[in-house]
Structure formats: structure tokens, C-alpha cells
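Here my numbering is used: the first residue of the sequence shown is 297, the next is one more, and so on.
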Amino acid sequence: ANIASGHKTSGPKDPRRKSRPFTCTSCHEPHSSDSIFMFRFKAKVPTDICVNCHERKMN
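Printed below as a string of C-alpha cells:
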């Protein structure tokens with residue numbers, strides 16, 4: 297797994313699909329994606345995916 301450093305994956309629920317656990321498929325579409333990173337959501341760089349569940353931090 298190449299998840300963001302420090303991101304907890306065991307225990308929490310999938311923020312977009314509350315009835316499911318948080319797993320690789322919470323962010324990635326394993327069967328079909330236009331993204332080179334196999335993301336479920338549009339992203340130009342890997343960290344773009346984070347704002348689908350986390351608010352973007354402003355300086």
C-alpha cells in the first residue's frame with residue numbers, strides 16, 4: 297500500500313460509503329479508471345484525491 301504517510305486505514309469507515317470499511321477501493325477503482333493512479337475521483341496529482349473526504353487547508 298502506498299497510502300499518504302500517517303493515514304489510518306484500519307478501523308475507520310469509508311467516508312463516502314458509510315456501510316463499508318475504509319480500504320484501497322475507498323480511493324481507487326481497481327477495474328476501470330481514466331486516472332493513471334486508478335483513482336475513483338478526478339485528480340491531477342495524488343493529493344488531489346484527499347479533498348473528496350477532507351476539506352482543503354488554506355494558508
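Glycine included, every Cβ here is placed at the ideal spot set by N, Cα and C.
Rank the options by C-alpha distance to the C-alpha of residue i and give the top, closest one.
{"i": "residue 345", "options": "322, 327, 313 and 326", "result": "322"}
Roughly how many whole angstroms lie between the Cα atoms of residue i and residue j?
{"i": "residue 315", "j": "residue 330", "result": "26 Å"}
{"i": "residue 350", "j": "residue 333", "result": "19 Å"}
{"i": "residue 336", "j": "residue 313", "result": "13 Å"}
{"i": "residue 327", "j": "residue 341", "result": "20 Å"}
Here's a check: name, in chain order, each residue in its chain whose Cβ is nearer than 7 Å to the Cβ of residue i, leaving out the five neighbours to either side.
{"i": "residue 318", "result": "305, 308, 309 and 310"}
{"i": "residue 324", "result": "334, 335 and 336"}
Can you check DSSP and say which residues form a bridge with residue i?
{"i": "residue 335", "result": "324"}
{"i": "residue 317", "result": "309"}
Excluding the 5 residues preceding and the 5 following residue i in the sequence, name in chain order all residues of the same chain whose CB lies nearer than 8 Å to its CB.
{"i": "residue 338", "result": "331 and 344"}
Can you list, in chain order, the residues of its chain whose CB lies under 6 Å from that of residue i, leaving out five sequence neighbours each side?
{"i": "residue 320", "result": "none"}
{"i": "residue 391", "result": "Absent from the structure is residue 391, since the part of the chain shown begins at 297 and ends at 355."}
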